[in-house]
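Take the sequence shown: its letter number 16 is residue 38 in this note's numbering, and every next letter is one higher.
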Amino acid sequence: MGCNIASLKKIKEAASEEETNKKVLFLGLDNAGKSTLLFQLKDNQFKDTVPTVGLNVESIKYRGMNFTLWDVSGQATRLWKHYFDKINAIIFVVDSSDKDRMQRASDELHKVIDDPELMHAPILIFANKQDIAGSMNKDEVYTALRLTEIVEQRKKDLSFQACSAKNGEGIWEGIGQLGDIITEHEKNILHTSTAQHSHR
Numbered sequence: 023m024g025c026n027i028a029s030l031k032k033i034k035e036a037a038s039e040e041e042t043n044k045k046v047l048f049l050g051l052d053n054a055g056k057s058t059l060l061f062q063l064k065d066n067q068f069k070d071t072v073p074t075v076g077l078n079v080e081s082i083k084y085r086g087m088n089f090t091l092w093d094v095s096g097q098a099t100r101l102w103k104h105y106f107d108k109i110n111a112i113i114f115v116v117d118s119s120d121k122d123r124m125q126r127a128s129d130e131l132h133k134v135i136d137d138p139e140l141m142h143a144p145i146l147i148f149a150n151k152q153d154i155a156g157s158m159n160k161d162e163v164y165t166a167l168r169l170t171e172i173v174e175q176r177k178k179d180l181s182f183q184a185c186s187a188k189n190g191e192g193i194w195e196g197i198g199q200l201g202d203i204i205t206e207h208e209k210n211i212l213h214t215s216t217a218q219h220s221h222r
């Protein structure tokens, strides 16, 4: 009997861990600062990085929630779709100093948003490299990315945060916001599911 109770406890703990572990996809064009941002989250320090080739996976814990962060190369955006399965949220990183490619960043972001597999996934958008002189400010990036269109579609499932992956400014504020919208999103799903079940 004790063995059965122990087994049930392990199953419950595994289920609880699965519920709190969130798979988050890190997307953005090459040189947007995704890997640098990832190291800030993991080690709370700046590290010089080289462009990601393929995939880099790291884990962090924040406010009792475990995040598995999948940093996907920005050099081959056509391959992003291969990582969309079972994603809990998206972090899209934009280089605020790269005005020449802001339109392309916007186009890629909207492709991600419009993908059927990700249409309901909460999203955090980081306007990175705010520490660089001459970078577009938060409002300018918001406008350039045409985020009003996304907000109208997603309501509360979007967060936008200016940040600097180099000095860490704004990063944890963004992660906190993402955690909040993931929690709210999952509550809404549970409420909808419960309501549908009660009407059967």
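Think of the CB as a built atom: it goes at the ideal place given N, C-alpha and C, for glycine as much as any other residue.
What you are looking at is a predicted structure, and each value in this text was computed from that prediction instead of being measured.
Classified as buried, residue 146 has 16 or more neighbouring CB atoms from the shown chains inside 10 Å of its CB.
Between residue 198 and residue 148, the CB-CB gap reaches or exceeds 8 Å. Just measuring C-alpha positions, the residue of 112, 189, 158 and 103 sitting nearest residue 124 is 158. The shortest CA-to-CA distance from residue 58 to any of 203, 90 and 186 is the one to 186. Residues of the same chain with a CB within less than 8 Å of the CB of residue 77, apart from the 5 flanking positions on each side, are 92, 93, 94, 95 and 105 in chain order. With respect to residue 82, residue 101 sits apart: the two C-beta atoms are not nearer than 8 Å. Beta bridge pairing from DSSP links residue 186 with no other residue.
Per DSSP, reduced to three states, the secondary structure at residue 202 is helical. Per DSSP, reduced to three states, the secondary structure at residue 157 is coil, with no helix or strand assignment. Under the criterion of beta carbons closer than 8 Å, residue 54 and residue 117 qualify as touching, at roughly 5 Å.
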